[in-house]
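Residue numbers (our numbering): 107 to 424.
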Amino acid sequence: MNWPKLLFRNDSRCGAQFPLYNYQLLAQCNPNSNKPCCNQVSGVCGQGDEYCNCDNCTDFRSAISAELGVWKPNACYFNYQSYNDTCSLFLKKEISMLFVGDSLIRQIYTVMLMILTNNYFNGSIPSYASEKDKFMCTGEHQVTNKDCSVRVVAQNSAELPFHALCNGANVTIKMIQDYNHKLAPEVYIAINKTISQENNWIIAGVGLHYQLKFENLKSVYLDPLWELLSSSLNAWPKLIWFDIHGIFGFLRMRTAAMNDEIVTFNKKIQQYWEHRNVTVVKTFNFSQNLRSYDGRHYGVGFNELKAQLILHLLKDQL
């Protein structure tokens with residue numbers, strides 16, 4: 107992707123009315139300058155309340171770069187599980203994991219492969235990938251490059267090189283793409299294979315591709331999914347549902363209205379699943395002021411946090 111080296115203009119203009127030259131991207135303000143804030147109504151960078159603290163203002167000094175950060179919760183103890191601890195958990199409990207969802211879930215899945223292979227350079231890339239793809243899809247690009255994430259990354263652990271996961275141990279992890287209702291039959295077939303299978307976990311989450319319309323999602327997706335899971339003879343597989351993180355990118359859209367919709371949607375999702383004793387991972391607050399690279403997605407850092415939350419849930423519940 108041909109991405110601009112600088113996200114701010116030299117004329118101190120910013121926002122939706124003033125995109126970056128030659129790009130369909132909203133111009134930002136330089137957080138290290140004396141004009142770090144954007145008034146999106148006037149489209150001008152400046153400082154003071156008129157630019158930094160109004161309803162339509164963005165202070166770029168508050169943006170967080172997740173890739174160099176480690177989350178340290180104030181109210182609870184949280185540490186990242188090591189490669190050895192993670193593999194030990196998977197092997198001891200014979201865990202199998204099925205990821206079901208859109209690009210937000212796919213990114214968590216990709217990072218989970220990187221954790222289980224102890225390889226953040228190319229741990230999610232299958233053995234049959236072309237040399238061109240192997241060169242292109244390294245490091246962050248496994249997650250942030252759409253072509254790598256959708257087309258190249260292994261769709262299940264069997265596609266990875268021999269001995270890649272947990273030093274060759276029998277670990278099963280799979281991804282089923284699910285970004286519109288036409289893919290539902292494939293999703294249900296995959297989930298049906300896990301019914302009554304002990305220590306099988308489903309990591310799921312959808313919503314954006316359903317336009318955040320909860321009632322529609324409930325009737326065409328959630329209710330049929332719950333009916334299928336309820337057919338289990340022993341309460342397996344277990345479902346972990348991810349809500350939708352916040353959209354804080356200031357690149358392609360004005361996000362306040364969309365975030366309000368996401369908060370409303372998340373509340374309904376949480377009520378639906380928690381009434382059925384399904385764990386919902388609430389990630390919206392984690393993403394406050396987090397800088398999105400494309401106005402919707404985040405890189406390895408934030409998705410590793412999500413993957414680590416899964417590992418902690420497994421450790422606590424098994």
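We put the beta carbon where it would ideally sit given N, CA and C, even for glycine. Computed from a prediction, not measured in an experiment: that's the story for all the values here.
In this structure residue 196 is buried. Its beta-carbon is surrounded by 16 or more other beta-carbon atoms within 10 angstroms.
Per DSSP, the beta-bridge partners of residue 347 are 310, 386.
DSSP, reduced to helix, strand and coil, places residue 235 outside both helices and strands of the structure shown, so it counts as coil. Taking a C-beta distance under 8 Å as the contact criterion, residue 405 and residue 250 qualify as a contact pair. Around the beta carbon of residue 182, fewer than 16 other beta carbons sit within 10 angstroms, so the residue counts as exposed. About 27 Å separates the beta carbon of residue 239 from that of residue 314, a gap too long to meet the 8 Å contact definition. Contact check for residue 164 against residue 153 fails: the beta carbons are separated by 8 Å or more.
With respect to the C-alpha of residue 128, the residue from 137, 114, 135, 386 having the closest C-alpha is 114.
Counting the other CB atoms within 10 Å of its CB gives residue 234 a total below 16, which places it among the exposed residues. DSSP, reduced to helix, strand and coil, places residue 414 within a helical segment of the structure shown. Along the length of the region 175 to 232, whole beta strand (DSSP E) runs at least 3 residues long occupy 202 to 207, reported in chain order.
In the displayed model, residue 354 falls within coil according to three-state DSSP, outside both helix and strand. Taking the Cα positions, residue 346 is about 23 Å away from residue 248. Secondary structure of residue 134 (DSSP, three-state): strand. Here the alpha carbon of residue 378 sits roughly 15 Å from the alpha carbon of residue 336.
Our two residues, residue 230 and residue 261, have alpha carbons roughly 9 Å apart in a direct line. Going by C-alpha positions, residue 323 is about 45 Å away from residue 116. A residue is called buried once 16 or more other Cβ atoms fall within 10 Å of its Cβ, and residue 348 is buried on that count. For the pair residue 292 and residue 282, the Cα-to-Cα distance works out to about 8 Å.
Exclusion of the five residues before and after residue 218 leaves 413 as the residues of its chain whose Cβ lies within less than 6 Å of its Cβ. Every alpha helix (DSSP H) stretch that sits fully inside the region 137 to 164 and reaches 4 residues is listed by chain position as 155 to 158. For residue 297, there is no enclosing beta strand (DSSP E); the enclosing alpha helix (DSSP H) has its first and last residue at 290 to 298.
For residue 369, the closest of 318, 334, 383, 397 by C-alpha to C-alpha distance is 318. The continuous alpha helix (DSSP H) containing residue 250 extends over residues 247 to 250.
In this structure, residue 331 sits away from residue 280, with a CB-CB distance that is not shorter than 8 Å. In the structure shown, residue 370 falls within a helical segment according to DSSP collapsed to helix, strand and coil. With a contact defined as Cβ atoms closer than 8 Å, residue 376 and residue 386 qualify at about 5 Å.
Residue state for residue 394 is assigned as coil, using DSSP reduced to three classes.
Just so you know, the alpha carbons of residue 391 and residue 161 end up roughly 19 Å apart. A distance below 8 Å separates the beta carbons of residue 350 and residue 371.
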